[in-house]
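Inspection log for the structure reproduced underneath, given as structure tokens.
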Amino acid sequence: KMILNRVVGVTFQRLDDHGNLVGRIHHKNGDIDYELVKRGLSKVLIPQEDGYDKAHYKKLKDAQDIAQINQVGLWKSLKEEESKKKTKSYDPKKKNFEAKVVEIHSGDSLTVLP
Numbered sequence: 001k002m003i004l005n006r007v008v009g010v011t012f013q014r015l016d017d018h019g020n021l022v023g024r025i026h027h028k029n030g031d032i033d034y035e036l037v038k039r040g041l042s043k044v045l046i047p048q049e050d051g052y053d054k055a056h057y058k059k060l061k062d063a064q065d066i067a068q069i070n071q072v073g074l075w076k077s078l079k080e081e082e083s084k085k086k087t088k089s090y091d092p093k094k095k096n097f098e099a100k101v102v103e104i105h106s107g108d109s110l111t112v113l114p
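Take 1 as the starting number for the sequence shown in full-length UniProt numbering and just add one per residue.
This is the structure:
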């Protein structure tokens, strides 16, 4: 709700290995990426190449640690699903199965658990 349907500033940083734009969102209400990570709505992926803002990513990693400790957002779902996963298993012979979407990476990539 902080940025949905709102005009924000964006600073382009680079293209990732998959051609996705990577950048920073600027908003008058604060550091959007920090808030998303702290609430467990996003996770931190540290760039593999040099030249990224190490202090900023350290701040984001600290926020992710807070989310994991508090078991919020993605981290709550994953903990619950991992305990359920011990009793359920995926049969690779089946082409169709039911699963819960636990993370959306992009328009064509997601993580599911049986």
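Where a beta carbon is used, it is the ideal one built from N, C-alpha and C, also for glycine.
What you are looking at is a predicted structure, and each value in this text was computed from that prediction instead of being measured.
Whole-angstrom distance between residue j and residue i, CA atom to CA atom
i: Asn20; j: Asn70; result: 30 Å
i: Leu60; j: Val10; result: 18 Å
i: Glu35; j: Lys76; result: 16 Å
i: Lys54; j: Arg39; result: 21 Å
Among the options, nearest to residue i - alpha-carbon criterion
i: Asp16; options: Leu45, Thr111, Arg6 and Val8; result: Leu45
i: Gly51; options: His18, Arg14 and Asp31; result: Arg14
i: Val22; options: Arg39, Gly30, Pro47 and Asn5; result: Pro47
i: Arg6; options: Leu41, Ile25 and Glu98; result: Ile25
i: Gly30; options: Lys54, Val8 and Val72; result: Val8
i: Lys58; options: His18, Asp33 and Thr111; result: Asp33
i: Leu41; options: His18, Gln68, Leu113 and Ala55; result: Gln68
Cβ pair residue i, residue j closer than 8 Å
i: residue 122; j: Leu74; result: Outside the displayed span of the chain (1 to 114) sits residue 122, for which this structure offers no information.
i: Ile3; j: His27; result: yes
i: Val102; j: Gln64; result: no
Residue i at chain C interface by Cβ criterion, 8 Å
i: Gln71; result: The structure shown contains no chain C; it is built from a single protein chain.
Ordered list of alpha helix (DSSP H) runs contained in the UniProt domain "TNase-like" (2-76), each at least 4 residues:
Complete alpha helix (DSSP H) runs here, min 4: 32-38 and 54-70.
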